[in-house]
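Take any residue in the first sequence, note its place counting from 1, add 50, and you have its number in this note's numbering. Built from N, CA and C at the ideal position, the CB exists for glycine as well. None of these values were measured; they are calculated from a predicted model. Worksheet: one structure, shown below.
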Amino acid sequence: MTLADSAIQWYDRNARDLPWRVPGTSAWAVLVSEVMLQQTPVIRVEPAWHAWMNRWPTPADLAQDPPSEAIRMWGRLGYPRRAMRLHACAVALVERHDGRVPDDLDQLLALPGVGTYTARAVATFAYGQRHPVVDTNVRRVVSRAVAGDPDAGPATTAADLTAMAELLPEEPARAARASIAFMELGAIVCTARSPRCTECPFEQVCAWRLSGAPAPSGPTRRPQRYAGTDRQVRGLILEVLRHATGPVPRQRIDVVWADDVQRARALAGLVTDGLVEPLDSDADRFVLAGDHPPRYPALE
DNA sequence: GACCCGTGGCA
DNA sequence: TTGCCAAGGGT
């Protein structure tokens, strides 16, 4: 039995019940789930995904609202640039693809916020095509089971895709199932910390396990700080703007962080990224992108 | 390839 | 308590 076979067998008995896996889920719904799942845990994505799909069932629905609404709906999922790109993606789908999600890999890749992983995930899970789909889970599982390494090193896209391609069954539907099975395995059994090897279908064949499951050696990747970074300051500023019902005076932003230089840099970054817009030329009021106050009809 | 981009939960 | 980590993408 191949690795893919045993992974699929395990998946059939142990897969989580996730709403975007329900047969018949639209490609748009799959795409939204994939973008939300970029660096955000399933447990936090699930309610947000339901709310999002309920409000914007199709790309056209989202494209009709301003980016600010997408940023607000994004809530505290983190990396709000993803919300903005998902909105831009909806606009692109309307403009270039008649409001539908394309099934072509290159067309998917050309969409805002859609990279190597997400394009392949949509083509595979929404359209049943045969592509290697490699995320952090797959890289870890393959790294351990096949290469015998405790952890995958830095992502090397081409090599990762090649490695996974060799494990895929020929039949597309079964290849897709193998990919989701590897991902699920990495998510709930072959975890980064304290893997549950006794529950793993690869227990008897895993190269890492067979070599005694050595701990990772040498320096791992450098830790990601958060406290005190620009990211924290950006988060605090955006938090204020998300809850605002109108233009926010600079004074209300000034109070979220004491360091003038860092605060100004963070705000400028948000503007550069297109998440925030200065409302006036002297930049003393701010809004979320596209969130302009009503104007006097006489001026229109 | 290195670095930047949020947020929260858990060991 | 705090470091680690979570279905990446863009520059």
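- Between alanine 57 and alanine 228, the CB-CB gap stays under 8 angstroms.
- Considering only Gln157, Gly262, Ala195, Thr174, the residue with the shortest C-alpha distance to proline 222 is Thr174.
- Distances from the alpha-carbon of leucine 329 to those of Ala242, Gln254, Pro297, Gly236 put Pro297 closest.
- DSSP places leucine 143 in the helix class (H, G or I) of the three-state scheme.
- The segment 288 to 337 is shown to contain whole beta strand (DSSP E) runs of 3 or more residues at 326 to 328, in chain order.
- Comparing alpha-carbon positions, the option among Glu216, Gly236, Arg180 lying closest to arginine 189 turns out to be Gly236.
- Taking the Cα of glycine 163 as reference, the smallest distance to any Cα among Asp280, Glu84, Pro73, Arg335 is reached at Glu84.
- Taking the Cα of threonine 186 as reference, the smallest distance to any Cα among Gly262, Trp307, Thr241, Leu317 is reached at Thr241.
- The beta carbon of alanine 54 sits closer than 7 angstroms to those of Leu217, Leu218, Pro219, Ala228, all from its chain and outside the five residues before and after it, given in chain order.
- Leucine 325 counts as buried, since at least 16 other C-beta atoms from the protein chains shown sit within 10 angstroms of its C-beta.
- For leucine 112, the enclosing alpha helix (DSSP H) stretches over residues 109 to 113.
- In this structure, the CA atom of alanine 197 is about 40 angstroms from the CA atom of methionine 103.
- From the listed residues Gln282, Trp99, Tyr276, the smallest Cα separation to threonine 75 is found for Trp99.
- Taking C-alpha positions only, alanine 79 is separated from alanine 294 by approximately 28 angstroms.
- The segment 305 to 320 makes no contact with the segment 132 to 145, as fewer than three CB pairs between them are under 8 angstroms.
- Taking the CA atoms as reference points, leucine 161 sits about 22 angstroms from arginine 71.
- Under the DSSP assignment, glycine 236 falls in the alpha helix (DSSP H) whose first and last residues are 222 to 238.
- Between alanine 265 and proline 204, the CB-CB gap reaches or exceeds 8 angstroms.
- In this structure, valine 306 sits away from valine 321, with a CB-CB distance that is not shorter than 8 angstroms.
- About 17 angstroms separates the Cβ atoms of proline 251 and methionine 214, ruling out a contact at the 8 angstroms cut-off.
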